[in-house]
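> Here it is, the structure in full.
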Amino acid sequence: MTTSTSSESRISKRWRAFGPGLLFAGAAVGVSHVVQSTRGGAEMGTAAVLVVVIGCLVKWPSFRFGAHYAAVTGRSLLHGYRLQGRWVLVAFALLTASILFTTLAAVTVVTAGLLLSLAPPIEGVLGSVGIGSDAGQAAAVSAVLLAITAVLLASGGYRLLEGLMKFVMPVLVVATLVVTAMAIRGLGGSTLTFLPPVDDPASRTMMAAMVGWMPAPIDIAVWSSLWTIARAGGRSMERRRVLEDFDAGFISTLVLAILFVLLGASVMRESGIDFRGSSVGFSNQVIDLYTTNLGDWSRPLIASVIFVAMLSTTVTVADGFPRTVAALFRAFGETPRPSDGVSDVTSGATRCEGSPAVYWAVFIVGAIGAVAILTFGLARKDGITFTGLVDFVTVTSFIAAPALAWFNHRSVFRSIPRVEDRPSRLWYAWSWFGISVLGIFATAYVVERVAG
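The opening residue of the sequence shown carries number 1 in my numbering; numbering runs sequentially from there.
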C-alpha cells in the first residue's frame, strides 16, 4: 500500500512539474496539425510523414534552446538576441509584426469554424442579424472568441494556460490514437507512398507550408522561454526538469502530427475527398475524420475535444504575441552583459519581462487586426481563401526559419558565458545540421518562386 501510494505520489509530482512544454504543445497542435498535417496526408499520402518527421527533427534544437536559455540565465531568448546586437531584435520584431495579425487570424478562424460546427444554432442567430455567409459568420464568432480569450487571460494568466493544457493534451492524444488505429486499416494503394512528389510545384508549396509550422514556427522558442520564466515565478530553475518538460511536449507534438497525417491519408485521400475552402467546411471535415471511424455517436464528444484544443491554441497564441512584444520593448532599452542572467539564477531569481500595459495594448491591436483580416479578406468574394491565409502564414515562417534558428544557436553557444551551462556537442552539431537543411530548402524555394 505504501509502495503504491509512493508511486502515485511520484507520478503526480512529475505531472505537476510539466508546464511550459505543454503550452508549447498546445500552441503547436493548432493549425500545423489540425489543418496542415491533415492536408498533407490527403494530398501526399503517407509520404507526408517523412515531411513531418524531417520538419520536426531539424527544428528540435532551435526550439529546445529557448527553454535551455531560460533555465540557465533566468531570462528569455530576447536577452540572448540583445547580446548579439539590436539588429537581431529589429529582425525578430519585423518578423513578429509581419505574422502577428495573420497568425492570430488563422488560428482563431479555425476555432470559430469548429464552434459553428459544434453549435449550429449560432448560425441561425447570426443569420437573423444579416450575417449569412460562412466567412462572415466565422469572422463574427472569431471576434467573440478573442473577447472571451481576453477575459480568460486577464483572470487566469499563465496558470490558466497551464491548467487548460494539462486537460486538453492527454484527451486529444488518446482520442487521436484510438481513431488513427481504427482508420489505418483503410490504408492501401495510392495512399501508401514513401517519397513526397517533389517534382510537382503545388506539392513543393504544400511541403514548405508544412515545414514552416512543423511542429510550430521557430519564433515560438521565444514564447517558450517567456512561459518558462513565468512558471518559475521568481524562483531558480533546475535545467534538467525544464528540458524534460520541453522534450515531453515536443515529442507529443511530433506524435500527434504523424497521427493527423495518417488520418488525412487513410480517410480523405483514399476516398478522394477534397478540402473545402471555408473554415466551417474544413472544420466539419476534420470532425468527420473521427466520426467516420468511431460512429456518429462520437461527434459531439470529438467536436468538443478538438474545439477545446483549438481554443487552447488560440489562447496561447493570443498570449504569446503580446508577451513577446512587451518583452521586446524592454529588451530594446537594455544594455545587458552576458553575466546578467546567470547571476540571477545563482541568486535564485528570474526577471519578469515586459510591461502589462504594452501586453494589453498589443493584444487589443492584434485582435482588431485579425478580425479585420477575416472581415475584409475571407468574407469578401474576391478576398483570400481560408487555405490561402494558412499557407501565407506558414510559408512566411518557413522562409524565416533558418535566420531564427541561427539566432537561437548563437544565443546558447555565445551568449551563455560558462561552457558547462551550454548544450552538449551533440546539440551543437544537430543545430548546425538543422540550420543548414532549413537554409538550403528555404533558399531553393525562394529562388524557384522568383525565377518562376
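Note that the Cβ used here is the ideal one computed from N, Cα and C, for glycine as well.
Does the beta-carbon distance from Val242 to Thr228 come in below 9 Å?
As a position in the sequence shown, residue 242 is number 242, starting the count at 1. As a position in the sequence shown, residue 228 is number 228, starting the count at 1. Contact: yes.
> What's the C-alpha gap between Ile364 and Ile148?
Against the sequence shown, residue 364 aligns to sequence position 364. Against the sequence shown, residue 148 aligns to sequence position 148. Going by the C-alpha atoms only, they are around 12 Å apart.
> In whole angstroms, what separates the C-alpha of Ile54 from that of Gly26?
As a working note, residue 54 is residue 54 in the sequence shown. As a working note, residue 26 is residue 26 in the sequence shown. Looking at the two C-alpha atoms, the distance is approximately 20 Å.
> Do Leu262 and Val49 have their CB atoms nearer than 9 Å?
Reading the sequence shown from its first residue, position 262 is the one you call residue 262. Reading the sequence shown from its first residue, position 49 is the one you call residue 49. Yes, the Cβ-Cβ distance between Leu262 and Val49 is below 9 Å.
> Look up Gly354 in the DSSP assignment and say whether it is helix, strand or coil.
Against the sequence shown, residue 354 aligns to sequence position 354. Coil.
> Assuming Gly320 contacts Ile220 (C-beta within less than 8 Å), just tell me the rounded distance between them.
Locating residue 320 in the sequence shown gives position 320, counting from the first residue. Locating residue 220 in the sequence shown gives position 220, counting from the first residue. Contact check for Gly320 and Ile220: beta-carbon distance about 7 Å, within the 8 Å limit, so the pair qualifies.
> Which of the three DSSP states, helix, strand or coil, is assigned to Met214?
Sequence index remark: in the sequence shown, residue 214 carries index 214 (1-based). Correct three-state label for Met214: coil.
> Relative to the alpha-carbon of Ser224, which residue among Met182, Ala403, Leu161, Leu438 has its alpha-carbon at the smallest distance?
Position 224 of the sequence shown, counted from the start, is the residue given in the question as residue 224. Checking every option, the nearest Cα to that of Ser224 belongs to Leu161.
> Are the Cβ atoms of Val393 and Gly212 separated by less than 9 Å?
The residue labelled residue 393 in the question sits at position 393 within the sequence shown. The residue labelled residue 212 in the question sits at position 212 within the sequence shown. Yes; because the gap between Cβ atoms is below 9 Å, this pair is in contact.
> Using only CA atoms, which one of Ala209, Val315, Gly377 lies nearest to Ser456?
Residue 456 falls outside the range modelled here, since the chain spans only 1 to 452, and no answer is possible.
> Going by C-alpha distance, which of Ser312, Phe260, Thr313 is nearest Ile287?
Reading the sequence shown from its first residue, position 287 is the one you call residue 287. The option with the nearest alpha carbon to Ile287 is Phe260.
> Rounded to whole angstroms, what's the CA-CA distance from Gly132 to Val308? Just pull it up for me.
Locating residue 132 in the sequence shown gives position 132, counting from the first residue. Locating residue 308 in the sequence shown gives position 308, counting from the first residue. Taking the straight line joining both Cα atoms gives about 25 Å.
> Judging by CA-CA distance, which residue of Ala93, Ser98, Ala140 is the nearest neighbour of Leu115?
Mapped onto the sequence shown, residue 115 falls at position 115. The option with the nearest alpha carbon to Leu115 is Ala140.
> Consult DSSP for Gly264 and reduce its assignment to one of helix, strand or coil.
Within the sequence shown, residue 264 is the residue found at index 264, counting from 1. It is helical.
> Alpha carbon to alpha carbon, how far is Ala70 from Thr111? Give it in angstroms, no decimals.
In the sequence shown, residue 111 corresponds to position 111, counting from 1. In the sequence shown, residue 70 corresponds to position 70, counting from 1. Taking the straight line joining both Cα atoms gives about 31 Å.
> Are the beta-carbon atoms of Leu374 and Ser142 separated by less than 9 Å?
Looking up residue 374 in the sequence shown gives position 374. Looking up residue 142 in the sequence shown gives position 142. Yes. Within cutoff.
> Can you name, in chain order, every residue of its own chain whose Cβ lies under 8 Å from the Cβ of Val109, other than the five neighbours on each side?
Counting from one through the sequence shown, the residue named residue 109 turns up at place 109. Within the same chain, Val109 has close Cβ partners Ala138, Ala139, Ser142, Ser279, Leu374, Leu378, Phe386, Leu389.
> Helix, strand or coil for Pro121 per DSSP?
Along the sequence shown, one-based indexing puts residue 121 at 121. Residue state, collapsed to three classes: helix.
> Can you list, in chain order, the residues of its chain whose CB lies under 8 Å from that of Pro196, leaving out five sequence neighbours each side?
Taking the first residue of the sequence shown as position 1, residue 196 is located at position 196. Result list for Pro196: Met44, Ala47, Ala48, Leu50, Val51, Ser203, Met207, in chain order.
> Quick one: what's got a C-beta closer than 7 Å to Ala67's C-beta in the same chain, skipping five residues either side?
The sequence position of residue 67 within the sequence shown is 67, counting from 1. If we look at Ala67 and ignore the five residues flanking it on each side, its Cβ neighbours are Pro20, Ser224, Ser225, Thr228, Val242, Leu243, Phe246.
> Could you pull out every residue in the same chain whose Cβ sits closer than 6 Å to the Cβ of His409, ignoring the five residues on either side in sequence?
Here residue 409 corresponds to residue number 409 of the sequence shown, with the count starting at 1. Ser431, listed in sequence order.
> Does the distance from the CB of Val173 to the CB of Val255 come in under 9 Å?
In the sequence shown, counting from the first residue as 1, residue 173 sits at position 173. In the sequence shown, counting from the first residue as 1, residue 255 sits at position 255. Yes, they are a contact pair.
> With a cut-off of 8 Å on the beta carbons, I'd call Ser266 and Ala181 a contact; round off their distance for me.
As a first step, residue 266 must be located in the sequence shown, where it is residue number 266. As a first step, residue 181 must be located in the sequence shown, where it is residue number 181. 11 Å between Cβ atoms; not a contact.
> Tell me the rounded alpha-carbon separation between Ala349 and Ala230.
The residue given as residue 349 occupies position 349 in the sequence shown. The residue given as residue 230 occupies position 230 in the sequence shown. Since pLDDT at Ala349 reaches only 39, below the 50 mark, its modelled position is unreliable, and no value is offered.
> Determine the closest residue to Ser415 out of Val72, Leu328, Ser37, with distance taken between C-alpha atoms.
As a first step, residue 415 must be located in the sequence shown, where it is residue number 415. Minimum Cα distance to Ser415 is reached at Val72.
> Within 10 angstroms of its Cβ, does Gly434 collect 16 or more other Cβ (buried), or is it exposed?
Within the sequence shown, residue 434 is the residue found at index 434, counting from 1. Residue burial is scored here from C-beta neighbours: Gly434 has at least 16 other C-beta atoms within 10 angstroms and is therefore classed as buried.
> Just how far apart, CA to CA, sit Gly369 and Phe24?
Taking the sequence shown and counting its residues from 1, one reaches residue 369 at position 369. Taking the sequence shown and counting its residues from 1, one reaches residue 24 at position 24. Gly369 and Phe24: Cα-Cα distance of roughly 24 Å.
> Output needed for Val198: all residues of its chain with C-beta closer than 7 Å, excluding positions within five of it in sequence on either side, in chain order.
As a working mapping, residue 198 is identified with position 198 in the sequence shown. Result list for Val198: Arg204, in chain order.
> I'd like to know whether the C-beta atoms of Gln36 and Ala209 end up nearer to each other than 9 Å.
Counting from 1 along the sequence shown, the entry for residue 36 is found at position 36. Counting from 1 along the sequence shown, the entry for residue 209 is found at position 209. It is a contact, given that the beta carbons lie within the stated cut-off.
> What did DSSP end up calling Asp507 once you bin it into helix, strand or coil?
There is simply no residue 507 to check, as the chain begins at 1 and stops at 452 in what is shown.
> For the segment 107 to 177, list the alpha helix (DSSP H) runs that are entirely contained and at least 4 residues long, ordered along the chain.
121 to 128
> So for Ile416, helix, strand or coil by DSSP?
In the sequence shown, the residue the question calls residue 416 occupies position 416. Ile416 falls in the coil class under three-state DSSP.
> Under a three-way DSSP split, which group does Leu477 fall into?
A query on residue 477 cannot be resolved here, the shown segment of the chain reaching from 1 to 452 and no further.
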